[in-house]
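Asks: So that we are looking at the same thing, I have put the structure below in structure tokens.
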Amino acid sequence: MNTRSTTLFHKIDLWEWRICQVFNQYARIQPFLYSMRLVSRLGDGLFWYGLMLAMPLLYGWHGFSITLKMALIGLGCTLIYKGLKQTLGRQRPYLSCQQINCQMPPLDYYSFPSGHTLHAVAFCTLVATYAPELWLLTSIFTCLVALSRVVLGLHYPSDVLAGAVIGYSLASASLVIFPLQ
Numbered sequence: 058m059n060t061r062s063t064t065l066f067h068k069i070d071l072w073e074w075r076i077c078q079v080f081n082q083y084a085r086i087q088p089f090l091y092s093m094r095l096v097s098r099l100g101d102g103l104f105w106y107g108l109m110l111a112m113p114l115l116y117g118w119h120g121f122s123i124t125l126k127m128a129l130i131g132l133g134c135t136l137i138y139k140g141l142k143q144t145l146g147r148q149r150p151y152l153s154c155q156q157i158n159c160q161m162p163p164l165d166y167y168s169f170p171s172g173h174t175l176h177a178v179a180f181c182t183l184v185a186t187y188a189p190e191l192w193l194l195t196s197i198f199t200c201l202v203a204l205s206r207v208v209l210g211l212h213y214p215s216d217v218l219a220g221a222v223i224g225y226s227l228a229s230a231s232l233v234i235f236p237l238q
């Protein structure tokens, strides 16, 4: 863990704790909590895997190409977010602030960046480009994934924002470097 990043994150955490507390309070509403847990669980990959399996059925060979690109981007996203989490070592909000409750077990220990959001934005960007008729569905789901991570006490807003920026950047770069025909 990098000491300089720990100090920087602590300063940012002080500012973000209040925001996290406000979002986390909405988890007291049981139907909302259940829906955020469901969205987060689907954001673990189930929604995206289902979409990848559906692409060839919906679009034939072009859909298979989209699925392959999504799988490769997903692998890149995983390598990047795991490397950043291990290097930067930012604690999750519920570990840093007693007033924030963990509403769902995390998949890993560290918080920065949000891997769920990173993947969701990357996949949504690809879908918006190659299957624009699915853009609204994937965009709404992506926003709900990002929201769920803060509501459940698993991420700071800056984790989600960083995940979104990295995911969009990776997908956009892949569109330029490896365009589908």
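In this text, residue positions in the sequence shown follow my numbering: the first is 58, and each later residue adds one.
Quick reminder that beta carbons are idealized off the backbone N, C-alpha and C, glycines included.
1. Can you tell me the Cα-Cα spacing of W72 and Y213, whole angstroms?
2. Assign Q148 to one of three DSSP states: helix, strand, or coil.
3. Starting from A203, trace the alpha helix (DSSP H) in both directions and tell me its first and last residue.
4. With distances taken from CA atoms, which of G210, N81, G133 and P170 is nearest L141?
5. What's the C-alpha gap between A111 and H119?
6. Using only alpha-carbon positions, find the residue among S168, V217, P150 and S122 that is nearest to T186.
7. Tell me the DSSP bridge mates of Y91?
8. Assuming I223 is part of the alpha helix (DSSP H), what are its boundary residues?
9. By the three-class DSSP mapping on this structure, what secondary structure does Y167 have?
10. Among T182, W74 and F89, which one has its Cα closest to the Cα of V233?
11. Rounding to the nearest angstrom, what Cα-Cα distance links A84 and D101 in this structure?
12. By DSSP, does A177 sit in helix, in strand, or in coil?
13. What separation, rounded to the nearest whole angstrom, lies between the Cα atoms of P113 and G224?
14. Compare the Cα-Cα distances from L152 to each of L145, Q143 and Y166 and report the closest residue.
15. Whole angstroms is fine: what's the gap from E190's alpha carbon to Y138's?
16. So, is I197 buried or exposed, given that buried needs 16 or more other C-beta atoms within 10 angstroms?
Replies: Walking through what the data contain:
1. 10 Å
2. strand
3. W192 to V208
4. P170
5. So the two alpha carbons sit approximately 12 Å from each other.
6. S122
7. Answer is none; Y91 lacks a bridge partner.
8. Run containing I223: P214 to I234, per the alpha helix (DSSP H) assignment.
9. strand
10. T182
11. Here the C-alpha atom of A84 lies approximately 19 Å from the C-alpha atom of D101.
12. helix
13. 23 Å
14. Y166
15. 29 Å
16. exposed
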